[in-house]
Amino acid sequence: MDRIVVQAAAFDAGAEIASLREHDASVGAVAAFVGQVRDLNGAQGVDVLELEHYPGMTEASLAAIVADAHARWSLRGVTVIHRVGPLKPCDPIVLVAVASAHRGEAFQACEFVMDFLKTEAPFWKKETADGVSRWVEARERDDIAKQRWQGAGADEATQDKATHDKATHDKATEGTRARPRRA
């Protein structure tokens, strides 16, 4: 089950992660990212970070990103919570948590969602320090991170999903014979 929320209130990352695991015995892994406000952005101090969004459009953009992740990997659920409004250093900004049967898919999908959220979702950041405000510009490194999921990277992710689906099918059809686990 997916959960996408844009809100001013703080969130409980532990509770959100636990909700992805509850009542679904097929979940073998949950990967999560929690972003928080830093007190510095480069050499610039930050007293307050104010996040703005485009209501309705932002949620739709996040839902499309999550749908793309589901198309690439076998996922059991995705939670995206992004805060808006004024935030102070150490306040949590964003949670991306992904549940899957396997850790590799959970890690990749979590990173994919975060990379696209940073570049595609309509959020705007304004930092204030010592009474002076400045809008935060998009970063080239965020666009570079997103590009690795496009083109050849997209084909690789699709192959990873196909390989996983075949392996899951093969394992399910081999009977009940279990391999010994390493200690």
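Each residue of the sequence shown is one higher than the one before, starting from 748 at the first, in the working numbering. Ideal placement from N, C-alpha and C gives every residue a C-beta, glycine not left out.
Which of helix, strand or coil does DSSP assign to residue i?
i	result
F863	helix
A790	coil
A779	strand
R830	strand
R785	coil
G824	strand
A756	coil
E884	coil
H800	strand
G922	Because G922 carries a pLDDT of 43, less than 50, the predicted location of this residue cannot be relied on, and no value is offered for it.
A846	strand
E874	strand
R895	coil
V795	strand
V774	coil
Take residue i and list the residues in its own chain whose beta-carbon comes closer than 6 Å to its own, dropping the five residues that flank it on each side.
i	result
H829	V753, V841
A909	Unreliable placement is indicated for A909, whose pLDDT of 49 sits below 50; the coordinate value is still reported in the next sentence. Closer than 6 Å at the Cβ level, and outside the excluded window around A909, lies no residue.
D889	K865, T866
E797	P833, K873
F854	A778
G782	I840, V841
A760	V781, L842
A810	I751
S766	none
Measure the beta-carbon distance from residue i to residue j and round it to whole angstroms, keeping in mind my assumption that it falls under 8 Å.
i	j	result
V825	E799	About 24 Å separates the two Cβ atoms, so there is no contact after all.
V795	D749	31 Å between Cβ atoms; not a contact.
For the candidate residues the options, whose alpha-carbon lies nearest to that of residue i?
i	options	result
I764	D794, V827, I891	V827
A757	V879, A810, D838	D838
Q791	F854, G878, I891, P833	G878
Q897	A755, D815, R768	D815
Within its chain, find whatever has a CB closer than 7 Å to the CB of residue i; leave out the 5 residues flanking it on each side and keep chain order.
i	result
E806	I751, V753
A892	D862
R755	According to the sequence shown, residue 755 is Ala rather than Arg. Cβ within range, chain order: R830, V831, G832.
Once the 5 residues before and after residue i are set aside, which same chain residues still bring their CB inside 8 Å of it?
i	result
V793	V784, R785, D786, L787, P836, E874, T875, A876
C857	A778, A779, F780, V843, A844, V845
P802	V753
M804	P869
S808	E867, A868, P869
Any 3 or more C-beta pairs closer than 8 Å across the region 858-867 and the region 755-774:
Inter-segment contact for the region 858-867 and the region 755-774 is absent: fewer than three beta-carbon pairs are separated by less than 8 Å.
Flag this pair as touching only if the region 812-820 and the region 776-785 have three or more C-beta atom pairs under 8 Å; answer yes or no.
no
Contact the region 844-851 vs the region 880-895: 3+ CB pairs below 8 Å:
no
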